[in-house]
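From first to last, the protein sequence lines are chains D, H and G.
For the first sequence, our numbering begins at 90 and goes up steadily by one.
For the second sequence, our numbering begins at 90 and goes up steadily by one.
For the third sequence, our numbering begins at 90 and goes up steadily by one.
Note that the Cβ used here is the ideal one computed from N, Cα and C, for glycine as well.
Values in this document were obtained by computation on a predicted structure and should not be read as measured data.
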Amino acid sequence: MLDKNRLFPAESASRAVAAKLYETVRDLPIISPHGHTDPQWFADNQPFPNPTALFIQPDHYIFRMLYSQGISLESLGIPQVDGKQSADPREVWRLFARNYFLFRGTPTRLWIDFAFAEQFGLKERLSAENADEYYDAIDKKLRTPEFLPRALYERFNLEVIATTDAAVDSLEHHRKIKASGWKGRVLPTFRPDAVVDAEYLGFQDNLKKLGEVSGEDISSWKGYLSALRKRRAFFKENGATATDHGHLTAMTADLSLNEATALYERIYTGKTNPGDVELFQAQMLTEMAGMSVEDGLTMQLHPGAIRNHNPHVYEKFGRDKGADIPSPTEYVRSLRPLLSKYGNEPGFTFILFTLDESTFSRELAPLAGHYPCLRLGPPWWFHDSPEGMTRFREQATETAGFYNTVGFNDDTRAFLSIPARHDVARRIDCAFLGKLVAEHRLDESEAFELAQDLTVNLVRKAYKL
Amino acid sequence: MLDKNRLFPAESASRAVAAKLYETVRDLPIISPHGHTDPQWFADNQPFPNPTALFIQPDHYIFRMLYSQGISLESLGIPQVDGKQSADPREVWRLFARNYFLFRGTPTRLWIDFAFAEQFGLKERLSAENADEYYDAIDKKLRTPEFLPRALYERFNLEVIATTDAAVDSLEHHRKIKASGWKGRVLPTFRPDAVVDAEYLGFQDNLKKLGEVSGEDISSWKGYLSALRKRRAFFKENGATATDHGHLTAMTADLSLNEATALYERIYTGKTNPGDVELFQAQMLTEMAGMSVEDGLTMQLHPGAIRNHNPHVYEKFGRDKGADIPSPTEYVRSLRPLLSKYGNEPGFTFILFTLDESTFSRELAPLAGHYPCLRLGPPWWFHDSPEGMTRFREQATETAGFYNTVGFNDDTRAFLSIPARHDVARRIDCAFLGKLVAEHRLDESEAFELAQDLTVNLVRKAYKL
Amino acid sequence: MLDKNRLFPAESASRAVAAKLYETVRDLPIISPHGHTDPQWFADNQPFPNPTALFIQPDHYIFRMLYSQGISLESLGIPQVDGKQSADPREVWRLFARNYFLFRGTPTRLWIDFAFAEQFGLKERLSAENADEYYDAIDKKLRTPEFLPRALYERFNLEVIATTDAAVDSLEHHRKIKASGWKGRVLPTFRPDAVVDAEYLGFQDNLKKLGEVSGEDISSWKGYLSALRKRRAFFKENGATATDHGHLTAMTADLSLNEATALYERIYTGKTNPGDVELFQAQMLTEMAGMSVEDGLTMQLHPGAIRNHNPHVYEKFGRDKGADIPSPTEYVRSLRPLLSKYGNEPGFTFILFTLDESTFSRELAPLAGHYPCLRLGPPWWFHDSPEGMTRFREQATETAGFYNTVGFNDDTRAFLSIPARHDVARRIDCAFLGKLVAEHRLDESEAFELAQDLTVNLVRKAYKL
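As structure tokens, this is what we get:
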């Protein structure tokens, strides 16, 4: 099912180089600096419940495709806002198996086939016929010690994995992991969206909680900033090396102290003017950049997703149900206030992501090829795919070079897919380098160096790991 | 002139698979669910007048390219608004032949070479030298029974062909075809632009006519909607399975009954406020979607063309003279009102097209990979080409999969080019699949299934044919 | 270091055709219709000072990449606004050599390797180890007669080179060259940005100077236009065949005489309303097009760069320091006023460039494939690269054809890179044609013709050289 040359160019000269390069990176440790696994898994080290709960229900790539073809989320057992969830796991699995052909040509198919073959030894393509056999085989393995979270971490050859955590999080699971003496490195990432976006669900409560956990008076701009500074320090003490910011746009602002103070007052009291919510987020990106200059945490920006586009799905099933849709994203004017203030600061690392591929050659590579602080994150979400990665390299490299990029992010809550995702990225990078060598645009010796850099060196440097 | 491996990848492993796949789809019937052929051809079954009238004068791809290189539309015999048209057909043909080199690298060249070789047995490239020989050979064949419209329909192995017809059309030609007993399936498509776009030429007269043919009082919002409902039913009785909507943008709206009633009053009386014309079109897309939910007609949206960009050409020669130019098109916010209302309706099929390729990976594939009603139309107009089709598959498949697409549309009024256009589409799909197989991203057995699906199964399902 | 098949496709059938095509264009003369070399070089024919001053300090591609990786512009000896510049040339060279790996995968690397190998006979990749050896070898050659500017012009097989010159320029160097009897053709290009953009540094002084050199009263709209007409005539007398316009957007306008007169009054007196500066530039594009219709100068438009994005760099180092960043650029609505007025004029040639690649297939190719005046300039600046050129051909050819393009521009102030840049363009065009032939989309005999056209014929015609 998994050909050893998969994802390499069909053309033989390029393929030969790609395969040689891949041999040298295949077994390197996995460094996962950005993702959404649950730290409690590693803290408690309990078995995963069943194949459906592991593979299907947490993976929006899977259920969004099934939903697009008329399969209801109820029938897939996706948990509902009111707590209902009735589907039988085995029935859901059969439904998935019958429709597995829908994933032809998608990265989901690559990831899942890899997990089936490499982790469960299942080598025949999943189908209606073998659905039960698959279910039973996986279910059985999940009850073995080899499939407990910590064992999988080790088996996957993970060197470090970062989670994503709310600014007010107690980091109890991270602390429990550390206290346990287990040698796995599971690091938190500081994600303050819920206390920065005034339209976030429960924003006022989140602010209150921020005040409580930090011991600061968050009714004033100064106290609010102090609270965030303290939380960042707390995250850093617990191993964090980075922050992450999910915004609708890349807009930044650089307000005067008086303006910012007045704006926060309106946000805090909920008496906002039109545009205030977006302006506050814009100002906060610049504030966060300033704090990164101070404390050295690497800053990540993920803009451009319109969240919860489908109100029917949102009302019944809540957030993160495959109904987030990208939109055109502007960077050059939007980032100027932040970059004018901090763009030339030594030691500041600011990693940009995009869902709008038209910006790679037009905006992102030119920006990253100039500003010392900027680095380009890998292709994200819908573009974390063979074609997406290839376009990224083709469109960004000539202007930004390889050395303004930061290696791969798996960005996933689907733990079992992590080795597969990194394997795809390594193969596509080797394929790209192989083609450059075959076209005499790069020496083979340079390609070997680059393969190492793209797999482990650049990510370690950018995320200070 | 036509190599049997044309359009397949040069690389031998991919090519071998592509060629094998193509063998299995080459002779499948042609299903043409969207195009602009004239139903009168099939109703009356009269011979086409001459080579120039058949190949050059109805084909905006051809005369726009010649015009761009300084060849006047007058000298090509393009009919003028005032009825003038003086060029001698043979002289026009010679002018075309002398400039045939201009089409190198364009799809027009592929289509025309195919028609020359496959339908007229002309195997030497058209040039100044053989222009007369070509003209005479084609002219002679056009007078034979084998080149009458119905004979060509059969010879082309057409299974069904849809035309595009105004909402007020009598469908007399379609009825005549049916009454004739001829077994060809020539179906109308409901296209209401002329009674929905208040800036359309003769809009007020079109509304009046709509009232007459439907027997409804179109002075009220309610009567106007009833008239449209009746016309849709009339089209459906006469074989229509789809509607088509050509709009400047993809904007949709979901107004309250009071708002919509008042808006229609302003539109009907011509006393519009700024933005009303666009808002009315936006509201009408949502109304049309609602009627599709009721009557089951598949809905198609073709947004993004700025019509009649060149006033000089428009004044002298009128519409559709190669001076329509695409513009950036937004889908995600624009379609939200319609999708929020009807996006999750079972049985509703809504096919999106674009002239803005940057939306494939950013907006269209993510939308189609979530909403049950959405499907992606094939690359349209300027992008109906080998590179355009390849980009579409590369940019849409990883997120939308193959099964949220709907096969090929020829979208043409150039009847002779239909087999060529479908042949190009089949070759490029096989080329794409061949590359996936050669790169071990798809099994060969799956590629054979997909080749059938992309050629006949998906189009039959999406258009209910 | 330079493989003879570099940049050709790895696939052997395509490569074989590409290599044969390249043989026929490799030694054709270089025609450079657009660039930024200094005419004084050819007028005075003095040696270039040293390797660093020749290769590094004038080349923003080089120092922007080094800066993006944290290397200060001071340490590279980039001249500062206050006149300071202290870095030792040899130390700068060593710094460059140590960091030469950063350019892997970029066109800069291709250009520089070519210059090292072909012009200086240096065949080992530049590195920290051989930095001094390189420096000494280049430095020594620069003192020989073979490396004086005129000798290099001849050695590079230049047929003609155009410079870019302010509207008020005396063209003294061009006149000196002509008077010298030397047979090299160094032609000026009329670039009026500094007297058209009211936000240009020293705009009021520039206007005053324009009045002086033309002998016109530029306090009135009429006098201002007369002054520009006279300057164009002066440029034309001194060999110019083209004008060039660098604007933030592609916006054009077609104001009435009264509106334009009033607008100029506001611009001239500095009492502008919001939007006036942009509107004036928009109107001036249409005026310049009208003058091109009169005097036959080919018009070039380069829109879309946000200049001096980094205020820190701008304040200390001034313009053109690698901190210009592209932004989304709209053409279809923007150019309509100009094209409505002059788009169908016989003999008018208007060449469009872009930094926004999403416009190639969406806007530029459809426009150029219709309007007789329009031609597409080659991929520009960040897109003057193997992948950029390939995308241009893939995205523009199917709609605009090859014959609405104008060959290659090197657009450089890095004189030594000119042969390398033209060599890359020739190789990529041959690679593109080779692939079309191998995929049976073009006959080999046509590809040989096209290779000549793309290399010399189209540029001669478009620029009237």
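Could you check what DSSP says for residue i in three-state terms: helix, strand or coil?
i	result
residue 176 of chain G	coil
residue 204 of chain H	helix
residue 439 of chain D	strand
residue 422 of chain H	coil
residue 518 of chain H	helix
residue 333 of chain D	strand
residue 140 of chain D	helix
residue 387 of chain G	strand
residue 494 of chain H	strand
residue 245 of chain D	coil
residue 534 of chain G	helix
residue 97 of chain D	coil
residue 280 of chain D	strand
residue 160 of chain H	coil
Might you give, ordered along the chain, the residues of its own chain that have their beta carbon closer than 7 angstroms to the beta carbon of residue i, omitting 5 neighbours on each side?
i	result
residue 540 of chain H	110, 113, 114, 518, 519 and 522
residue 549 of chain G	120
residue 524 of chain H	98 and 103
residue 198 of chain G	192
So, at 6 angstroms on beta carbons, what are the nonlocal neighbours of residue i in its own chain, with the 5 sequence-adjacent residues on each side left out?
i	result
residue 238 of chain H	130, 131 and 134
residue 514 of chain H	497
residue 463 of chain G	439, 456 and 457
residue 248 of chain H	118 and 120
residue 419 of chain G	none
Measuring CA to CA, which of the options is closest to residue i?
i	options	result
residue 150 of chain H	G:508, G:502 and G:489	G:489
residue 287 of chain G	G:339, G:218, G:276 and G:370	G:370
residue 470 of chain D	H:461, H:451 and H:466	H:451
residue 466 of chain D	D:427, D:547 and D:534	D:547
residue 504 of chain H	H:222, H:143, H:417 and H:533	H:143
residue 396 of chain H	H:388, H:411, H:382 and H:245	H:411
residue 556 of chain H	H:357, H:327 and H:326	As displayed, chain H neither begins before 90 nor continues past 554, which places residue 556 of chain H out of reach and without an answer.
residue 413 of chain H	G:326, G:425 and G:485	G:425
residue 529 of chain G	H:169, H:188 and H:194	H:194
Report all residues from its chain with a CB closer than 8 angstroms to the CB of residue i; omit the five preceding and five following residues, and keep chain order.
i	result
residue 279 of chain G	254, 256, 320, 321, 324, 329, 331, 332, 333 and 386
residue 479 of chain G	517, 520 and 521
residue 291 of chain G	283
residue 252 of chain H	124, 125, 126, 127, 128, 263, 275, 276, 277 and 278
residue 140 of chain G	178, 182, 223, 224, 227, 228 and 231
residue 366 of chain H	286, 287, 288 and 356
Would you please state the rounded distance, in angstroms, between the beta carbons of residue i and residue j? I believe it to be under 8 angstroms.
i	j	result
residue 502 of chain G	residue 147 of chain G	5 angstroms
residue 96 of chain H	residue 202 of chain H	Contact flag wrong, Cβ pair sits at about 12 angstroms.
Can you name the residues of chain B whose CB is closer than 9 angstroms to the CB of residue i?
i	result
residue 158 of chain G	Considering every chain present, this structure includes no chain B. Its protein chains are D, H and G.
*Using Cβ-Cβ distances below 8 angstroms, what residues of the segment 515 to 527 of chain D are close to chain G?*
524, 525 and 527
*Mind checking the segment 443 to 466 of chain H against chain D and listing, in chain order, the residues whose C-beta falls within less than 8 angstroms of any C-beta there?*
447, 450, 451, 452, 454, 455, 456, 457, 458, 459, 460, 461 and 463
*Please name the residues in the segment 392 to 409 of chain H whose beta-carbon is closer than 9 angstroms to at least one beta-carbon of chain G, in chain order.*
393, 395, 398, 399, 400, 401 and 402
_By the 8 angstroms beta-carbon criterion, what residues does the segment 484 to 497 of chain D contribute toward chain G?_
484, 486, 487, 488, 489, 490, 491, 492 and 493
*In the segment 422 to 440 of chain D, which residues sit with their C-beta less than 8 angstroms from some C-beta in chain G, listed in chain order?*
422, 425, 428, 429, 432, 433 and 435
*Going along the chain, which residues of the segment 111 to 123 of chain G sit with their C-beta nearer than 8 angstroms to a C-beta in chain H?*
none
_Against chain D: residues of the segment 205 to 233 of chain H by CB proximity under 9 angstroms_ = none
*Interface positions of the segment 330 to 344 of chain D facing chain H (Cβ-Cβ less than 7 angstroms), listed along the chain*: none
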